[in-house]
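What the sequence shown shows, in numbering that gives the first Met the number 0, is residues 0 to 343, in sequence order.
Idealized CB from N, CA, C, for every residue including glycine.
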Amino acid sequence: MTETTAKANFAKRVFSGIKPSGGLQLGNYLGAIKRFVQTQDQGEFETTLYCIVDLHAITVWQDPADLREATYEVTAGYLAAGIDPEKSILFNQSRVPAHAELGWIFNCVARVGWMNRMTQFKEKAGSGAEKQSLGLYAYPSLMAADILLYHATHVPVGEDQKQHVELTRDIANKFNHDYKVDFFPETIPVIEGPAMRIMNLRDGTKKMSKSGESDMERINMLDDADAISKKFKKARSDMEALPETAAELDHRPEAKNLVNIYAGLADLSVDQVLAQYAGEGWGKFKPALADLAVDQLAPISTEMKRLMGDRAELDRYLARGAERAREIANPILQQTYDIVGLVR
Ligand code: AMP
Ligand code: TRP
0 MTETTAKANF AKRVFSGIKP SGGLQLGNYL GAIKRFVQTQ DQGEFETTLY CIVDLHAITV
60 WQDPADLREA TYEVTAGYLA AGIDPEKSIL FNQSRVPAHA ELGWIFNCVA RVGWMNRMTQ
120 FKEKAGSGAE KQSLGLYAYP SLMAADILLY HATHVPVGED QKQHVELTRD IANKFNHDYK
180 VDFFPETIPV IEGPAMRIMN LRDGTKKMSK SGESDMERIN MLDDADAISK KFKKARSDME
240 ALPETAAELD HRPEAKNLVN IYAGLADLSV DQVLAQYAGE GWGKFKPALA DLAVDQLAPI
300 STEMKRLMGD RAELDRYLAR GAERAREIAN PILQQTYDIV GLVR
């Protein structure tokens, strides 16, 4: 289906998810959660759904106790950063079995050749693809199910997820085409702003992630002010001063990353940050960045810690969110079964 036949009859709905596969890091905040809150609050969308995608997390081994802990941490992170469980639907994926059910149907729509092109699988599997779980390989088809189960039209994500959202469109198009229906919408990946790809503080060519050799590579959402300051002050940079234009950062990955982080935290463009700091050295920029980060992140981590101390409260939010999610998901799954010809 082409852009010109994009269907107007779908309400503007947002879906996005985060894996509980370890603690939240700054990339999750700037690339995802902070924007989810803005999307929720700007009131442009009929429904915003934010998920803790636990079924995605177990595509690689998770210790059960750690998985539970991380599920609460991600829930607390969403809430502490400003996701309002009244305005948005906040829930964990496994509580809505329709995700797995639609995921299976999409396993039968998606082609092996499409999966073979997924760069995230290739990166994660490295040379050991044969030893990976079948779930890790099929991961993007479950992700398509997460999105299309709600007829979501907009998916805010970091840069690394673009290919998966494009695959979601391919799956929707093939389903609509094969069954001669106009049932699943075209999904738009929403990837904008300076912080769509936050890099490792020790190596500006690697993405910041929840796992990684050294804790100094990333800012964890639960880091205290001292840790945040220390990590930014020790972050790798280079010998040059800050330039006047964004283009001059293109061959300076570490410098570019630190400026992007500043811009993301301060809600400024890269040009605006450079207008303020051009000609300055790291001795001035890094402490300013550390102060800004502490300012923005400390209230969130304090609230996260409070929330994590009250599991009953978090459980109530998740149970209620799942109930609301099922109200949207179940009719869509049932219609899908009817379209496919499954007798129910
Ligand atoms: P994950 O932690 O892999 O489940 O990712 C959850 C969300 O955070 C996705 O939208 C990712 O694109 C985003 N994200 C994760 N790491 C980064 C990063 N280093 N920079 C920007 N966005 C990120
Ligand atoms: N694959 C995403 C990640 O690695 C997480 C995810 C799962 C997701 N389902 C989703 C993101 C649906 C957006 C929409 O971060």
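Distance from the Cα of ALA97 is smallest, within the candidate group LEU264, THR152, GLU326, for GLU326. For the pair ALA240 and ASP270, the Cα-to-Cα distance works out to about 15 Å. Taken in chain order, the segment 274–303 contains no complete alpha helix (DSSP H) segment of 4 residues or longer.
Only residues of its own chain outside the window of five on either side were considered, and among them VAL258, TYR261, ALA262, ALA265 have a CB closer than 8 Å to the CB of VAL272, listed in chain order. The shortest C-alpha to C-alpha distance from MET238 to any of ASN27, ASP294, GLY278 is the one to GLY278.
Beta-carbon to beta-carbon, PRO184 and THR204 are separated by about 36 Å, too far to satisfy the 8 Å threshold. Residue environment for LEU341: exposed (fewer than 16 other C-beta atoms within 10 angstroms of its C-beta). Less than 7 Å divides the Cβ of PRO188 from the Cβ of LYS161. For TYR138, the enclosing alpha helix (DSSP H) covers residues 133–147.
Per DSSP, THR46 is one residue of the beta strand (DSSP E) stretching across 46–51. Taking a contact to require three or more Cβ pairs closer than 8 Å, the segment 93–109 and the segment 142–150 qualify as touching. Following the DSSP letters along the chain, one finds SER268 in no alpha helix (DSSP H), marked with neither H nor E. Linking LYS283 to PHE231 through their CA atoms gives a straight-line distance of about 12 Å. Under the 10 Å beta carbon count, PRO19 is surrounded by 16 or more other beta carbons and is classified as buried. Under the Cβ criterion (8 Å, minimum of three pairs), the segment 33–40 does not count as touching the segment 110–119.
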